[in-house]
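Visitor:
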Amino acid sequence: MLPAPPPGLAKFDSAAGMVQALANCLHGRSFPRLGQPRSMRLLGMADYLPRRWRQDLFARLGAEEGLRPEQAGTVDTDAVARWVAGLYPRRHYPAIMIGSANGALLHLAAALGIPWLPQTFLTLIQQKGIDPDEPMAAMKAAGPAARRFLDANPRVDLHHMHDPNQHRLMLGYITYFRWKYRGLPSAYWNFIEESLLPGGAILIADCTQHWPVTRLGERHVFQFGANGGVSIEEYFSGGSRVAGFFAARGDTRRQWHPPKPDDFSPEAEWGFAPEIRQDLAALTQRGFGMAALEFDDPAVPSPVIADLYHEWLRQRGSKVRRLLVDSFVLLDPYRTLGLEAVPFWMVFNMTPSLEAVSAYLDHSPAFDDIHMTLFAHGADAIGLPPIEAWRKILERAVGAGTLLGVNERTYPAHFSTYARYHAALAAIPGEDAAPEPLDLRMAIAFIKSHRQQSGLRLRWLGP
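Residues in the sequence shown are numbered from 3 upward in steps of one, following this note's numbering.
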């Protein structure tokens, strides 16, 4: 069993979920139910409840991870780094990845058999009585907790993120503090020095996506909106879809009124903060190489990593018959390797992700089987595709197309999927073992050769 995350770290999130999934993979294990058996058991029974009750149960379970505002200063970001470094097997690696969370690059790390050290994490702060559609009030209410957090953690940037579209259910109980390491934590530094082979490479996962923000301090910004089904313009200026979103609720408002942005910052969840590069560059003086995998949007690496898996499987003599479409944190890299499946990671379960997987299938050889997970945030959000749209993706399989653990009747509030997706994944016939790791040189050459068509850039930084 992996060690439990330290207090104040949200486990139901991209970085925490993905890093535990990868660590389990490197230990030769699968990663069921996002590592949360208690809450998953409750959500597994949610289908029997009326929709409103299901939504409230999901929000309340998520809010259990939230700290009271006066506890914000108890979060120890150095302890989080020590926890991450302690997850992985103690052995030497040809490369170590660090930086942005990204499901496609997580599958790359799993294939290479290497660890990933996240830069960004999430802390939830309890916040009741705030209307999700009033971002100014949310920003002001979180001010005291933000100051406590920043005073206790001088080596991180705080991104207070508020998205009334995709996080709507949760915002009734908590608010989102995403934070990024500005410098390399000592636990990360020691892990790299102890675990990276002489001449090995540090691979920076560098998502260059930026977002308009309101700057509240040198290390503190407020981000309204998030990557998903709504454009930046719609978040800040409204439009017909936003007006319809309010009208459907009987609300006389026709757009949101967030604080005026006065800066651009790395996107709160996916963006890479470049300040950490100075510390990473110092490691090149110790004989380690360093390269950046750069991409402008978290969706960019998915097609090229899927194609890399396809070629790797072909060279190993596999028939390459399965496509496994992951959604957000509903992934299992160890099981993916054992199934000899091509992984295609979707950032979320919104229209841009639907379009991305559809475009990939337009330009790929036909797959016998297509299996898909669908994340459940439970809200009738702008840009949320109907279940029929996902069914059309599955119909493109030559043989079977299956939704893994999804109750179509309760979609999009299909919270039981968190308890069921892994059992459905485990039921697919295949091996329960990972192959020999992908050769790092082959992976680098493949990514370089596909730079123009994929948008995933590999840039060597030294020595």
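Positions of the beta carbon are idealized from the N, C-alpha and C atoms, including for glycine.
These figures come from a predicted structure and were not determined experimentally.
Contact defined as beta carbons within less than 8 angstroms: I believe Ile-98 pairs with Ser-197. What is the distance between those atoms, to the nearest angstrom?
Guide: Indeed, because the Cβ distance is near 7 angstroms, the residues count as touching under 8 angstroms.
Visitor: Within its chain, find whatever has a CB closer than 6 angstroms to the CB of Cys-27; leave out the 5 residues flanking it on each side and keep chain order.
Guide: The residues are Ala-112, Pro-335, Tyr-336.
Visitor: Tell me whether the beta-carbon of Arg-62 lies closer than 7 angstroms to the beta-carbon of Phe-417.
Guide: No, the Cβ-Cβ distance between Arg-62 and Phe-417 is not below 7 angstroms.
Visitor: Buried or exposed: which applies to Ile-234, given that a residue is buried once 16 or more other Cβ atoms fall within 10 Å of its Cβ?
Guide: It is exposed - the Cβ of Ile-234 has fewer than 16 other Cβ atoms within 10 Å.
Visitor: Using a Cβ-Cβ cutoff of less than 7 angstroms, which residues in the same chain neighbour Arg-323 once the five nearest sequence positions on both sides are dropped?
Guide: Closer than 7 angstroms at Cβ, skipping near neighbours: Phe-369, Asp-370, Asp-371.
Visitor: Could you give the distance in angstroms between the alpha-carbon of Arg-84 and the alpha-carbon of Ala-74?
Guide: Their Cα atoms are separated by approximately 19 angstroms.
Visitor: Terminal residues of the continuous alpha helix (DSSP H) containing Met-143?
Guide: In the sequence under discussion, the amino acid at residue 143 is Ala, which differs from the Met named in the question. Unbroken alpha helix (DSSP H) run through Ala-143: 137 to 143.
Visitor: Would Gly-231 be called buried (16 or more neighbouring beta carbons within 10 Å of its own) or exposed?
Guide: By the 10 Å Cβ count, Gly-231 comes out buried.
Visitor: Determine the DSSP secondary structure at Trp-258, reduced to helix, strand or coil.
Guide: Note: Trp-258 maps to coil in three-state DSSP.
Visitor: Checking the sheet assignment: what are the DSSP bridge partners for Gln-57?
Guide: Note: Gln-57 sits in no beta bridge, so no partner.
Visitor: Using alpha carbons as the reference points, say which of Arg-318, Gly-273, Leu-310 lies closest to Phe-297.
Guide: Measuring from the Cα of Phe-297, the nearest candidate turns out to be Gly-273.
Visitor: DSSP on Glu-296, reduced to helix/strand/coil?
Guide: Reduced to three states, the DSSP call for Glu-296 is strand.
Visitor: Between Leu-205, Pro-300, Gly-401, which lies nearest to Ala-294 when the distance is taken from Cα to Cα?
Guide: Selected option, being the one with the closest Cα: Leu-205.
Visitor: In the DSSP assignment, the beta strand (DSSP E) including Gln-225 goes from what residue to what residue?
Guide: Run containing Gln-225: 222 to 226, per the beta strand (DSSP E) assignment.
Visitor: Just to confirm, does Glu-271 get its C-beta within under 6 angstroms of one of the non-hydrogen atoms of the ligand COA?
Guide: What this structure holds is no ligand at all, so the ligand COA is not there to describe.
Visitor: I need the straight-line Cα distance from Pro-261 to Ile-384, nearest angstrom please.
Guide: Going by the C-alpha atoms only, they are around 21 angstroms apart.
Visitor: In the structure shown, what three-state DSSP assignment does Phe-123 receive?
Guide: DSSP places Phe-123 in strand when its eight states are reduced to three.
Visitor: Quick test of the definition: if touching needs 3 or more C-beta pairs under 8 angstroms, does the segment 385 to 401 touch the segment 339 to 348?
Guide: No: fewer than three Cβ pairs fall under 8 angstroms.
Visitor: Can you give the Cα-Cα distance for Val-306 and Arg-255, rounded to whole angstroms?
Guide: Roughly 42 angstroms separates the two Cα atoms.
Visitor: Just grab the DSSP bridge partners of His-162 for me.
Guide: Phe-179, Phe-224, per the DSSP bridge assignment.
Visitor: Do the CB positions of Leu-467 and Gly-380 come within less than 7 angstroms of each other?
Guide: Residue 467 is absent from the model: the chain starts at 3 and stops at 465.
Visitor: For the putative contact between Ala-18 and Ala-12, defined by C-beta atoms under 8 angstroms, what is the C-beta separation to the nearest angstrom?
Guide: Contact holds; Cβ gap of about 6 angstroms.
Visitor: For Thr-404 and Leu-396, I'd like the C-alpha separation in whole angstroms.
Guide: Looking at the two C-alpha atoms, the distance is approximately 6 angstroms.
Visitor: Going by the CB atoms, is the gap between His-161 and Val-223 shorter than 7 angstroms?
Guide: Contact: yes.
Visitor: Who are the Cβ neighbours of Gly-464 in its own chain at under 6 angstroms, not counting the five residues just before and after it?
Guide: Excluding positions up to five away in sequence, the list reads Thr-286, Met-292.
Visitor: Could you say if the segment 140 to 156 and the segment 352 to 371 meet the contact criterion of at least three C-beta pairs nearer than 8 angstroms?
Guide: Touching, no, given that fewer than three Cβ pairs across the two stretches are closer than 8 angstroms.
Visitor: In angstroms with no decimal places, state the Cα-to-Cα distance between Ile-430 and Gln-38.
Guide: Rounded to whole angstroms, Ile-430 to Gln-38 spans 22 angstroms at the Cα level.
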